[in-house]
Structures are given as structure tokens and as C-alpha cells.
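**Q** Chains as they are written, first to last, in the numbering used here: chain A, 1 to 199; chain B, 200 to 398.
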């Protein structure tokens, strides 16, 4: 019997997506669920819902708390964390490169490394040299990958994923969806989404 | 050694406070933590942060999802749930009566019964006959309790709790606070708050 599938929708700009990216692989393995990584862009979705900035910045009291909340969870799962000087960061380049890698073998490792660079190493993931460094560490050819990432099919794929996310009623990230159309929002719903996928 | 203490701040208007109220007693017992129930009013806090209605109503896409989210969690914990026809409901009367009960032995049972009436039985908890029914079932004298609930000391206590919540930077409910001043927001942080309280 094929494994049940859970789609993991993430935006590299989203710090709770960072936490989910660090947790999902072992939890899904233990649950016997396959995960499909789905980068998308929250910006256009927030904008269509009347939000012109990250909720962290729009609701400062809540935003300050959320940084503390992320710190506590990062400590519990044993992952480094520091709030980046630049927030939110544009995730377009990283998402396109991730889509190239997800058709190959290195997409998930790349995605985790991008999240770690942004949320543990205070690097700016919209800068191409930062992405190039990550690719180099993964022994992925930089120039060819950048060329693929800027090709029309990848640009279209990221737009389509974002349009699909909007159509499904997303309003944040990470979001998990199941084959039967159920939607779970937030790193803290990952375990529940895995249980649902197995039903 | 005395048990560590966790403060459980809730608003009867808050549906995630309902879920927490149904979960907290057995989890805290298992963790060896004492819980102090702290009713407060979210309305003035939301208003001071520029929100004039529940976030469920202000962000309708998210609000619709949250109803589904509550349903799934209620199903998992085995608690009945139906979204009430009236939302949000004024929690002033119920909170004052709860404060009377929390000085006696019946405050927690009363609080759970109020949440259940509102979020499982479609009753309107701002109506005094609904509160009277709950008191009667708990064999608590109705008239004397209503008189106590409308006395100045209880009114002041609820105002003071709400002012304290605002001062601590609350922005939602339920909120859990520990003796060392840590703040946890949301039913989904209850387990983490209990772990912290024990540290």
C-alpha cells in the first residue's frame, strides 16, 4: 500500500515554517507519511486579505511575544534561533531554487539550510551569494541551478503554487493539506495533520 | 515541597479557552502542577490594540478555518462542540460568578459548565437564566451567588484581573503565566507551559 501523503506548504519568510521544516522529516517518518514540500509566497495572499506587512510587524505586542514563543520551541527541539535583523525577507529566489532542487534530490536539504541561514545565522536569503553558498555546501552547481531557477517553467510553477494556496483559503504558513482536502495551519498542528493523513 | 503553579487566564468569550478548560485539569494533575483559574475580559484588551470585534469576525477566512480547527481538536479530545449562533458573547456576568465560585469549591466546575453551555449547547451565557441553570445543577444557591457576583469587590476584582492582563502584554486567550513571568498563548501551548512551570 502506498504511504499516505501530507503536503507541507511553506514560505521561507515565515519563521513558523522554519520550525516545521526542522521537525517534519523525523515525525513523518515515524508516522509512515510521505511529505511533499510546497514552497509558496505569502505576500500576495496577505495583500489580498488587506495586510501589507507581516503580522509580526502589524501587531507589535503579538509579534514580540511570537519571537519569544519561537525561541522556546527552538530550544525544546534543539535548533539554533536568532531573530534576523531583516524581517520579513523576500523568499522569491530561494523558493525558485528550492523548486529546482525538489525535482532533484537536494530540495529538502536546501530548504532546511535556507531556513537555518535566515533564522539561526542572521543571513539575508534574498541575496544570491547567500543562496550560492548554500548550494556550494550541498555540492550543487551554482550557475546551472540559478539558470534553471530563473527559467519560465519554474517562475510559472511558483506562481501557480501561490495561486493554488490562495484558492484553498490559506492565510498563513506553514499550512499542511491532506489528500481529502483538509487544511491545518501552523507548526503546532503538524502532529495533528500527520494523524489525519494516516486516517 | 509545594507544587509549581500555573495561572490559566481565560475569557468565556474565547473558544480556545473552552478547549483549554476541558483539557487543563488532568494534564496539570499528571504534571504535578497546580492551576489557578483567572477569568478576565479580552474585549478591553482587543479594543486598546485597535480591534473592535473578535479576530474570528475581523479576519473571516481565518475565522472560518478556526471553527474547523476547533472542531478537529474537540473531536480528538472527545468534547462536544458546535459553533454558537451568537458570537462573541459577553462574558461579564459569567466571569463575576466564576470569581465567586473560585473562592469557594465550585469555581472550576462552574467555569467548565459555562464553556460547555456556550460552545456545545448553543446557549447564551450572558443571559442570567442560563447561569442560574448551571448554578442549580451544581447545587449552588442562585440568588445569594448573584448578589455576591454583583458586589463591588467582585466587580473590582474582574477589572483588576483585566488590567493586570493588559499590563502583562496579553493579546488573546487562553494565556498561561508562570511564577517567573513567562507567558504562553493558546490552548496549543498548554503542555509547553506545564513543562516550563515544572522547571
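Heads up, the beta-carbon is just placed ideally off N, CA and C, and yes, glycines get one too.
Which word fits residue 386(B), buried or exposed, when buried means at least 16 other C-beta atoms lie within 10 angstroms of its C-beta?
**A** Position 187 of the second chain, counted from the start, is the residue given in the question as residue 386(B). Answer is buried; the Cβ neighbour count reaches 16.
**Q** Going by DSSP, what residue range makes up the beta strand (DSSP E) through residue 382(B)?
**A** Reading the second chain from its first residue, position 183 is the one you call residue 382(B). Residue 382(B) -> beta strand (DSSP E) spans 382 to 384.
**Q** Which residue's Cα is closest to the Cα of residue 71(A): 38(A), 16(A), 31(A), 85(A)?
**A** By one-based count along the first chain, residue 71(A) stands at place 71. Closest option to residue 71(A), Cα to Cα, is 16(A).
**Q** Determine the DSSP secondary structure at residue 234(B), reduced to helix, strand or coil.
**A** Indexing the second chain from 1 puts residue 234(B) at position 35. It is a strand residue.
**Q** What separation, rounded to the nearest whole angstrom, lies between the Cα atoms of residue 390(B) and residue 232(B)?
**A** Position 191 of the second chain holds residue 390(B). Position 33 of the second chain holds residue 232(B). Distance between the alpha carbons of residue 390(B) and residue 232(B) is about 11 Å.
**Q** Secondary structure at residue 56(A), three-state DSSP: helix, strand or coil?
**A** Position 56 of the first chain, counted from the first residue, corresponds to residue 56(A). Three-state result, residue 56(A): helix.
**Q** Counting only beta-carbon separations shorter than 8 Å, does residue 19(A) have a partner in chain B?
**A** Here residue 19(A) refers to the residue found at position 19 of the first chain. Chain B contact via Cβ: absent.
**Q** Mark residue 206(B) as exposed unless 16 or more other C-beta atoms lie within 10 angstroms of its C-beta, in which case mark it buried.
**A** Translated into positions along the second chain, residue 206(B) becomes position 7. That one is buried.
**Q** In whole angstroms, what is the alpha-carbon distance linking residue 105(A) and residue 140(A)?
**A** The residue labelled residue 105(A) in the question sits at position 105 within the first chain. The residue labelled residue 140(A) in the question sits at position 140 within the first chain. So the two alpha carbons sit approximately 10 Å from each other.
**Q** Determine the chain B residues that contact residue 171(A) at a beta-carbon separation under 8 Å, and present them in chain order.
**A** Here residue 171(A) refers to the residue found at position 171 when the first chain is read from its first residue. 258, 260, 261, 264, listed in chain order.
**Q** How far does the alpha helix (DSSP H) with residue 332(B) in it extend, from its first residue to its last?
**A** As a working note, residue 332(B) is residue 133 in the second chain. Per DSSP, residue 332(B) belongs to the alpha helix (DSSP H) from 327 to 336.
**Q** In the DSSP output, which residue or residues are listed as bridge partners for residue 204(B)?
**A** On the second chain, residue 204(B) is found 5 positions in, with the first residue counted as 1. Residue 204(B) pairs with 233(B).
**Q** At what residues does the alpha helix (DSSP H) containing residue 344(B) begin and finish?
**A** Locating residue 344(B) in the second chain gives position 145, where the first residue counts as 1. Element bounds for residue 344(B): 341 to 348.
**Q** Since residue 188(A) meets chain B, which of its residues come closer than 7 Å, beta carbon to beta carbon?
**A** For the purposes of this step, residue 188(A) is identified with residue 188 of the first chain, where counting begins at 1. Those are 387, listed as they occur along chain B.
**Q** Are the beta-carbon atoms belonging to residue 227(B) and residue 393(B) less than 8 Å from one another?
**A** The sequence position of residue 227(B) within the second chain is 28, counting from 1. The sequence position of residue 393(B) within the second chain is 194, counting from 1. For residue 227(B) and residue 393(B), yes; Cβs fall inside 8 Å.
**Q** On the three-state DSSP scale, how would you describe residue 73(A)?
**A** Stepping through the first chain from its first residue, residue 73(A) is reached at position 73. Correct three-state label for residue 73(A): helix.
**Q** For residue 300(B), I'd like the list of residues in its chain whose CB is within less than 6 Å of its CB, leaving aside the five on either flank, ordered along the chain.
**A** By 1-based counting over the second chain, the position of residue 300(B) is 101. If we look at residue 300(B) and ignore the five residues flanking it on each side, its Cβ neighbours are 306, 309.
**Q** I want to verify the contact list: residues of chain B whose CB lies under 7 Å from the CB of residue 72(A), in sequence order.
**A** Here the question's residue 72(A) lines up with position 72 in the first chain. Result: 391.
**Q** Identify whether residue 10(A) lies in helix, strand or coil by the three-state DSSP scheme.
**A** Along the first chain, one-based indexing puts residue 10(A) at 10. Strand.
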